[in-house]
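So the structure is just underneath, and the comments pick up after that.
Protein chains: 2
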Amino acid sequence: MASAKSPEDVRRLAREGTLTGPTSGQAHGFTQANLVILPREHAFPFLLFCQRNPRPCPVLEVTEPGDPVPRRYAPTADLRTDLPCYRVWRNGELAGEPTDITDLWRDDFVSFLIGCSFTFESALLEAGLPVRHIEQDCNVPMYRTSIACTPAPPFAGNLVVSMRPFLPAQAIQAIQITSRFPAVHGAPVHFGDPAQIGIEDLGRPDFGDPVEIHPGETPVFWACGVTPQVALMQARLPLVITHSPGCMFVTDRRDAELAGI
Amino acid sequence: MASAKSPEDVRRLAREGTLTGPTSGQAHGFTQANLVILPREHAFPFLLFCQRNPRPCPVLEVTEPGDPVPRRYAPTADLRTDLPCYRVWRNGELAGEPTDITDLWRDDFVSFLIGCSFTFESALLEAGLPVRHIEQDCNVPMYRTSIACTPAPPFAGNLVVSMRPFLPAQAIQAIQITSRFPAVHGAPVHFGDPAQIGIEDLGRPDFGDPVEIHPGETPVFWACGVTPQVALMQARLPLVITHSPGCMFVTDRRDAELAGI
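The listed protein sequences derive, respectively, from chains A and B.
Position 152 of the first sequence, counted from 1, bears residue number 152 in UniProt numbering, the numbering being contiguous throughout.
Position 161 of the second sequence, counted from 1, bears residue number 161 in UniProt numbering, the numbering being contiguous throughout.
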């Protein structure tokens, strides 16, 4: 997982077109973020949706309209070029997956950087806890739940969760550790019976890959950053741009800075 | 301080015009909140100012435009009548202090409920820590600092802090306790030398009343909810409505629910 590259190195490789795939393990120790870009007219209800649903939508930074520079999390970066891959959504449908969005940029675009579970996974690994999807070298399994988010019209939808299996004593430690990171989803929302939150089959995640659950382990569920993406798609806005799955924005802040206590 | 009245009792007394003064000590154990009401056109930059300055501006709830009901924190309340006293600001100047704002209400008004230090003071008192301004039965002393908030145009300004003196061991405990309450200002921002944050004379607060500092005690400074009010006044918007100092909105949520960990 570890990489000696700096955040600026990773962003430069993305800008040059050399890095077009996932950023997992890049610039180890630095915070990676989900990206959502919207026209100004939709920025208030989207920020409100995030304020009302802070577990799945922990906002790290919101840029000024038209400004592609995240001045607090990476003042030398350019959000139009510095991610490996983007997704362009028109009327809720995927309309393209470019590696640069300079030609699509508009003066009324507002960018949201949203916390990502990579941050707390680093803390779990440093505490010696096993993180199954990292052990299996695949994506974390994610599931749609029956838990409704608090709407902020036109944004609404159900909570999406990620799952990591742990032995009970490990799960308790994982709850303690992730509680310290409210800016990146914080404590879990559920553990144990998946049916209680509307998940039918852990072996068939809605996003990502299935992972093994060993004897004695309990599935533990965290609010997931895919939740705002689902709410965005359901709102069928004329134009939204996001990062491509796994191709996050690498910031200049350290994961440890995000620890709340 | 304690009161057997329910939040609904306190709100009804305010609505009827029986309670027109401070809410400190009313509906003990329930969260009280600062109120800011703005036209929709200013709601996005103000929410952004709060997002960028979460210590002084911890947003508890934002209502839908035109809706006077805080549906998450007190679904049976009416923000136009249920505070003891309001302040109406026109172009940054105080233009009135009514006990009811029904006649001023507009379809484009958005209301913000912002966390208040009463919540963490309850936790400090329950831990047996002395809270000097409560002992002296006066308002907490508050000071303008030299620390600039992160602007969100048209909103900008310096941080305002409240001060409570403690012995060092008490201060450490107070840091631990308030860290658990990020939704109501969280951990302190400074302790010790007031000059380091631009405060000239602790005996002359900019807001509230001075308090005694006993031998061996250190002043401890927390981000204060007056900060967004100062930013609002400086922006000189045509119309803003806030609560009158000390006359807070009493919610149905318990202080203990706001503990982050």
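Note that beta-carbon positions come from the ideal geometry of N, C-alpha and C, so glycine has one too.
Note that the coordinates shown come from a computational prediction; the quantities given were computed from them, not determined experimentally.
Strand pairing of residue i, partner residues [DSSP]
i	result
residue 88 of chain A	A:96 and A:241
residue 29 of chain A	DSSP lists no partner for residue 29 of chain A.
residue 115 of chain B	B:33
residue 8 of chain A	Paired residue(s): none; residue 8 of chain A is not in a bridge.
residue 38 of chain A	A:110
residue 190 of chain B	B:221
residue 152 of chain B	B:155
residue 211 of chain A	None; residue 211 of chain A has no bridge partner.
residue 165 of chain A	A:219
residue 180 of chain A	Looking at the DSSP assignment, residue 180 of chain A forms no beta bridge with any residue, so it has no partner.
residue 249 of chain B	B:33
residue 142 of chain A	A:162 and A:207
residue 254 of chain A	A:30
Other residues of its chain near residue i: CB distance less than 6 Å, five sequence neighbours each side excluded
i	result
residue 234 of chain B	157
residue 211 of chain A	132, 133, 136 and 141
residue 253 of chain B	31 and 73
residue 260 of chain A	180 and 182
residue 232 of chain B	240
residue 216 of chain A	167
residue 10 of chain A	26, 27 and 250
residue 50 of chain B	57 and 59
residue 265 of chain B	Past the edges of chain B, shown from 1 to 261, lies residue 265 of chain B, and the structure says nothing about it.
residue 15 of chain B	81 and 82
Per-residue contacts from residue i into chain A (C-beta, under 7 Å)
i	result
residue 260 of chain B	182 and 260
Proximal chain B residues relative to residue i, where beta-carbon distance stays under 9 Å
i	result
residue 51 of chain A	47, 50, 51, 59, 61 and 62
Proximity test, Cβ basis, 7 Å: residue i and chain B
i	result
residue 44 of chain A	yes
residue 252 of chain A	no
residue 257 of chain A	no
residue 247 of chain A	no
Nearest-angstrom Cβ-Cβ length linking residue i and residue j, presumed shorter than 8 Å
i	j	result
residue 236 of chain B	residue 92 of chain B	4 Å
residue 247 of chain A	residue 83 of chain A	6 Å
residue 114 of chain B	residue 33 of chain B	6 Å
residue 45 of chain B	residue 155 of chain B	6 Å
residue 65 of chain B	residue 107 of chain B	7 Å
residue 47 of chain A	residue 48 of chain B	7 Å
residue 129 of chain B	residue 169 of chain B	Not confirmed; about 10 Å, so no contact.
residue 227 of chain B	residue 191 of chain B	That belief does not hold up - the Cβ atoms of residue 227 of chain B and residue 191 of chain B are roughly 18 Å apart, past 8 Å.
residue 145 of chain A	residue 198 of chain A	5 Å
residue 164 of chain B	residue 220 of chain B	6 Å
residue 255 of chain B	residue 29 of chain B	6 Å
Same chain, Cβ closer than 8 Å to residue i, neighbours up to 5 away in sequence not counted
i	result
residue 37 of chain B	79, 101, 109, 110, 111, 112, 240, 241 and 242
residue 200 of chain A	194
residue 117 of chain B	140, 162, 184, 185, 222, 224 and 225
residue 70 of chain A	61, 63, 77, 79, 111, 113, 249 and 251
residue 21 of chain B	84, 85, 246 and 247
residue 203 of chain A	210
residue 177 of chain B	120, 123, 124, 127 and 129
residue 230 of chain B	144, 157, 158 and 160
residue 196 of chain B	190
Own chain partners of residue i with C-beta closer than 7 Å, once the 5 adjacent residues on each side are dropped
i	result
residue 55 of chain B	185, 186, 189 and 223
residue 205 of chain A	141, 142 and 143
residue 90 of chain A	238 and 239
residue 150 of chain B	52 and 53
residue 17 of chain B	99
residue 42 of chain A	237
residue 13 of chain B	19
CB contact below 7 Å: residue i versus chain A
i	result
residue 11 of chain B	no
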